[in-house]
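Data first, discussion second: the structure below is written as structure tokens.
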Amino acid sequence: MKKNKSKANTAAEKEFVFEFKAGKHNCVLKVPLQFPVQENISDLHGRLMLLHKIPCYIENELKTSLSAFIERETILDYDREAELALQRLTAGDVDVNQLTNAWTRSYVETTLEHARPEEPSWDEDFADVYHELIHSPASDTLLNLEHNYFVSISELISERDMEIKKLQERQAAEMDKVMHELGNTLSDQDVNAVASQHFDAQQVLENKWASELKQVTGIQKQEYQEWVIKLHQDLQKSTNSSQINEEIKVQPSQLSELADSGARMFEEQPQLEESFTIHLGAQLKTMHNLRLVRADVLDFCKHRRHGSGGAKLRRLQTALSLYSSSLCGLVLLVDNRVNSYSGIKRDFATVAKECTDFHFHCLEGQLEEVQQVVLYARAQRSSKQKEQPASGSQKIPRNGCDDKSKNVERNPSNILPGEFYISRHSNLSEVHVVFHLCVDDNVRSGNITARDPAIMGLRNILKVCCTHDITTVTVPLLLVHDMSEEMTIPWCLKRAELVFKCVKGFMMEMASWDGGISRTVQFLVPKSISEEMFYQLSNMLPQIFRVSSTLTLTSKH
Amino acid sequence: MRPLKDAQLGAFTFFASALPHDVCGSNGLPLTPNSIKILGRFQILKTVTHPRLCQYVDISRGKHERLIVVAEHYESSLSHFQKQGKTASPEKVLQIAYEVLEGLEFMNKHGMVHRALSAHNVLMDCKGNVKLAKFGLYHMTDHGADVDFPIGYPSYLAPEVIAQGSFHPSDSSHDEAPLPSGPKTDVWSLGVLLFELCAGRRLLQNIDISERLKFILTLGCMDDIVTVLAEEHGCLDTIKELPENVLELLRKCLTFLPSKRATPAELLGDPVFDGVSCLYTPFQKPVSLFSSSLRCAHLELPEDISDLCKDDDEDYLSERAIDEVYHLWCLAGGDLEKELTNKEIIQSKPPICTLPNFVLEDGESFGQGRDRSFLLDDTTVTLSLCQLRNRLKDVAGEAYYPLLEDEQSSLPQSNSSNELSATVTLPLIIRERDTEYQLIRIILFDRLLKAYPYKKNLVWKEARVDIPPLVRGLAWAGLLGIEGDIQAKYESIDKDTPIPTDRQIEVDIPRCHQYDELLSSPQGHIKFRRVLKAWVVSHPDLVYWQGLDSLCAPFLYLNFNNEALAYACMSAFIPKYLYNFFLKDNSHVIQEYLTVFSQMIAFHDPELSNHLNEIGFIPDLYAIPWFLTMFTHVFPLHKIFHLWDTLLLGNSSFPFCIGVAILQQLRDRLLANGFNECILLFSDLPEIDIERCVRESITLFCWTPKSATYRQHAQPPKAACDNGFGKTATYYSSDYQDMPKTDLSREPLALCDLKAEVSPRISAEDLIDLCELSLAGPAKRTKAGKPKIIAVDIRSVEDFSRGHISGSINIPFSTAFGPDGELLQCPATGVLQNYRGRVIVVISHAIKSAAMFASHLVKVNFPRVCILDGGINKLKPTGLLTVPSPQI
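Chains as they are written, first to last, in this note's numbering: chain L, 69 to 625; chain G, 34 to 921.
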């Protein structure tokens, strides 16, 4: 008989021989078996009985001898393999030291028992302490303190702006004067000299302020952290918390007077937004929330004036969830350089500096770290590619792959479309995590597909959201932050449809990664789109996602 | 499963290794997460029951590939023994060795190897008997391939295991996982363990891991490993003093070359155990419910029956099976993650601290430090049963041993019975979470099922109240009437030889209820394939239609470790509810089914029926997957369970009522929408409240005369094959087809004729029964359970006065409707209006006019209209027609 396994593996085939008597006939049953035996012995036995019409009186005999045969041969195989391994060792084919080191490594890196003791980490201790405090009556104090620090920074900033403005005015006047004299008493060179002098003066002033701000933030951060730790210690020490409560209460009253004074005005923009509850999945449905918002992307980061429209609540919410497992993320579209010199990156950096980050490194510090990591990642990648040059079949070369690699070779510190870096913040109003997704000018064109790097980047962002408990994420629906002329209505609709559909697909995929935890996805559209356009988009959403049925309460007659 | 006795429940946790980012399987679908693979492979461990092995109870998946395993646990282990620093007596050593080997041998028979044998995994129960813990770790992790950490402890690793190398996932230089270890590796570990016991100290404790491993490898060049070890640890004298048989045992275990080392089975029969083996009786596997051998064959009652009742400790809970206790523990508020977090086994960092810095386009992330909380800490935490015991402290002892003789009282007569009977009225979802209630129900069902099939009737009766989730698999088997040696039958089916259907099955399985962890695991897929193939092969007249996979899913889920039972249940279910649906050409069966369904819609909800017919939204467009899969294609498993709990109690026409009940839940939206919206609505069926659906379908069912759902292609009546224990058929559960056929029964109808009629026909029999016209004997049912009925005679007044059935009203066809089909105002129609809501049976000479009359009634939204099959002529021979006495 033929065995049906055609799999060509290294496994050996052995023949099982079974002799039995049927009447006067001596019968021999020979079965070639593939080792190691994968299938169930009872099944094999049943199949043999059926196939060869073996009389039932030897059923049990066949079964015992079959299982004994398989057991015996399997043990022999094990022994052979085991001794081969031992022989390799004695013959010197395998280096003992290398072998034992590999074992040591796997124990040390994976088991607590053998792992190196943990070095205490300030960040995490502080995280624990803060998380505990913010969930205690002290939270109000913490928030007020944070706010007051914010206010003093704001004051500094407005002072700076004022001074810079003054300087600029003065310089403008001076320049006017100079221009007036141009050709009369002064030459072009003189004008240039004045201009560069102005520029230098501006630089000096800006640097002065920058360093001052940096210093103040540094001090604030340190003060804050020390205060938090101390408060926590006091809370732990004291058995009766009344005294502490006093301590908690005293501070806000001192500080709250300041609260209203210096806060910079923040113009309230009418936002358009619409929420949907959707169900995903064919049989088992998971519920998620979607929101379509027309706003500026930085609105999610900027703090509003204390006391105005739930700003404090929002701030408390953000603080409460900072070290929890329901974080908020935001996707920011950036160009291929990791810095904060231009465009939206600069605007974002400005917002991020408006308030001291008491928990994480300042944005500049984080970006520096990212730059290091980018270089490291490139190095890793190129060494890996050199290692396995032949395994090209694994990765399907995409269009323009060569261009990309050239680009990387030109400047390894630049990032490519679809890649993103992550920064963490405790000082933004509604966001903890910012994904800086790199996009190129391609996103402005009308013909991007689901295979576009930017879309793949979105998918990876959602994946990180999954693995790091980011339950709310804000995504620019049109993959741009500002509208321009080529972005016509059909362009917008097409783009929105693509992003909606892709995000739907990714969300369904996510359900298989994390078991369908309910999450919120906010789709952000630029402020400059019309109201009509907004409602067109909000009409499109329920056609793509299955919106859960509204509960209709009808009175029965 | 075994009773809990003095054992405790323990839990330990570990992480499955994360998948490489963005790799697809060979079929193009995303890879199965390793945690799901482990979860699937774990299931079989629940069936590995042996007195020397800690019973595995459950596994659950947490966030980020975390797995938590629950198993029988004992606080004391050999490592406690070691800590005391004493040497064990030779007798004790032999006893421990023998018991460990018993456990190992049993595992090996099931194709498993321990690999992680060590002092703290050899537990001791309170009688000092060995219980091996974590014996399934190597099996469930696919020989360690699905986890990052190595399985086994450095000092106990056998030399060949070390030589085969460790596989480190982050190290991509060698992709091959090491070969699986054989049973003999455990014998080495046992040798080390026994040596430690004899020497009274731990081996190789103070040196670094790589030195330790090197030392073990160098033992290969030594002649006498035991002596070398003893010298190395300065305990040569102690070892030398050991009795010869213990030394011999040590030498046999610590044999360097695997080929010379004995297997656990061989060692068990070794002469060194001559003094010990006689104390042990070989373990006998308890006989399962469905088998050819006698379940009571090994039952031995003590001479004095009262010995059985001697137990004076009042701990009845510990007499329950371990899985029951765990189930109840969960219901009583047990939370595995919380228990482990409290003991600081689970330590998680805030996610914001572990974010990566930078992610490439293909999803590889950088800048993320290794998180220490992902390291393995395999300490087992004891789950405290205090909360559960506290919860159950008011449950009387009698409740644990309900008497089954009295068919009247289902719930035990205890103090809490009042409270329980109050619980019965609560919604099912609440009952399923009620600890006391579930305890009582589980005990009752457990006992009933043990007495199956003798107590089949009681199983039916109790199932009507509800079925506890824990025993649902067996309870369903009971309801489906499974009997006999299903295992042997299943084994004799060839499930390996390729058949043409394989391809389709292969395509369908990865798309069937894959949100479920069990069914999406590779083990689940294998089992799916085998059960489906077995069914296809053993039903040569039927074929595989897409949908059979969904139909298989609930049975496979409930009987994951018992494919034979899953197969048997499915094979019993299909002929009962889906007779001939899986014919190669099933169009006539399905067409008839759908036509009867649309008649049922018209019968129960004429307004909806009118609307749907108007927009052309016929059942063919949406209901085929409903019925072909008995709703398993449209609902998630947990809803199917509740739906089928009731479905299995009803007859084959019950699905019609479920279908109508679903439509009624969507009624408002259907009525408000046109064809396109309806198609869209049903392409992805909205959430359905399943409890309401069940409740309403029962009501609908009660209002439906039995013969209204007559189908000529239904399952033909079974031959009377009652075997003594056969259940007495109740009115609702028996099929119309099963009743004896008489002249008054319904006659087959051609499909085109059937399609032409809007309202269903009912048989004269039903009419007689429902109107209580019967001359002989009492009615089969009490009056309360019957639908109210009104017979409408549409013949002319003269014909009516010549003879009609008593209680019927006469509305001559010609007088009833206006030219536009509206109901005319006249005394007779006024009467009809008054009876609105009752079942209206239209009776006439000719079926055609009756059908027309009925369709007019449906048009004006009269519910529950049906026609008498065969008309008045059918009734003439019965002598039931009466002539009204002339009015004076």
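Backbone N, C-alpha and C fix where the C-beta goes; we use that ideal spot for every residue, glycine too.
For serine 491 (chain L), no alpha helix (DSSP H) segment is defined; the enclosing uninterrupted segment is the beta strand (DSSP E) at 488-492. Look at glutamate 498 (chain L): its C-beta is not under 8 Å from any C-beta on chain G.
Histidine 153 (chain G) carries a helical assignment under DSSP once its states are collapsed to helix, strand and coil.
Within the region 713-727 of chain G, Asp717, Pro719 and Glu720 place their CB atoms closer than 7 Å to a CB of chain L, listed in sequence order. At a cut-off of 8 Å between C-beta atoms, lysine 488 (chain G) does not count as an interface residue with respect to chain L.
By the Cβ-count criterion, tryptophan 190 (chain L) is exposed, with fewer than 16 other Cβ atoms from all chains shown falling within 10 Å of its own Cβ. With respect to the C-alpha of glycine 904 (chain G), the residue from G:Leu800, G:Lys821 and G:Leu733 having the closest C-alpha is G:Leu800. Neighbours of histidine 347 (chain L) in chain G, taken as residues whose beta carbon is under 9 Å from its own, are Asp717, Pro719 and Glu720 in chain order. Relative to the Cα of tyrosine 171 (chain G), the nearest Cα in the group G:Gly198, G:His546, G:Asp256 and G:Ile71 belongs to G:Ile71. DSSP places threonine 540 (chain L) inside the beta strand (DSSP E), whose first and last residues are 538-544.
For the region 94-172 of chain L, there is no continuous beta strand (DSSP E) assignment of 3+ residues that stays within its boundaries. The beta carbon of histidine 83 (chain G) does not come within 8 Å of any beta carbon belonging to chain L, so the residue lies off that interface. Residue pairing by DSSP puts phenylalanine 86 (chain L) in a beta bridge opposite L:Leu97. Around arginine 492 (chain L), the beta-carbon contacts reaching into chain G at under 8 Å are Ile385 and Leu388. For the options G:Phe45, G:Ser50 and G:His644, the alpha carbon positioned closest to that of glutamate 370 (chain G) is the one of G:Phe45. At a Cβ-Cβ threshold of 8 Å, glycine 169 (chain G) and phenylalanine 75 (chain G) count as neighbours. As DSSP reads the structure, arginine 184 (chain L) sits in no beta bridge. DSSP places phenylalanine 630 (chain G) within a helical segment (H, G or I) once states are collapsed to three.
Contact between alanine 387 (chain L) and isoleucine 221 (chain L) is ruled out by a C-beta separation of about 17 Å, above the 8 Å threshold. DSSP places valine 442 (chain L) in the helix class (H, G or I) of the three-state scheme.
In the structure shown, histidine 356 (chain L) falls within a strand segment according to DSSP collapsed to helix, strand and coil. At least 8 Å separates the CB of leucine 733 (chain G) from every CB of chain L. In the three-state scheme derived from DSSP, where H, G and I count as helix and E and B as strand, leucine 409 (chain G) is classed as strand. Note that the C-beta distance between threonine 271 (chain G) and threonine 120 (chain G) is below 8 Å. Across the structure, leucine 280 (chain G) and phenylalanine 316 (chain G) are spaced so that their CA atoms are roughly 28 Å apart.
Per DSSP, the unbroken beta strand (DSSP E) holding alanine 104 (chain G) starts and ends at 99-106. Looking at the DSSP output, histidine 347 (chain L) bridges to L:Met355 and L:Arg614.
Those residues of the region 420-443 of chain L placed with their C-beta closer than 7 Å to a C-beta in chain G are Glu437, Val438, Val441 and Val442, ordered along the chain.
DSSP places histidine 427 (chain L) outside any beta strand (DSSP E), giving it a letter other than H or E. For threonine 296 (chain G), the nearest beta carbon of chain L is closer than 8 Å to its own beta carbon.
Arginine 148 (chain G) and aspartate 158 (chain G) have their C-alpha atoms roughly 22 Å apart. Under the three-pair Cβ rule at 8 Å, the region 283-300 of chain G counts as touching the region 143-151 of chain L.
Secondary structure note for aspartate 367 (chain L): it is in no alpha helix (DSSP H), with a DSSP letter that is neither H nor E. Think of a sphere of 8 Å around the beta carbon of glutamine 385 (chain L): no beta carbon from chain G falls inside it, the nearest being about 15 Å out.
With 16 or more other Cβ atoms from the protein chains shown falling within 10 Å of its own Cβ, glutamine 471 (chain G) counts as buried. Think of a sphere of 8 Å around the beta carbon of glutamine 697 (chain G): no beta carbon from chain L falls inside it, the nearest being about 13 Å out.
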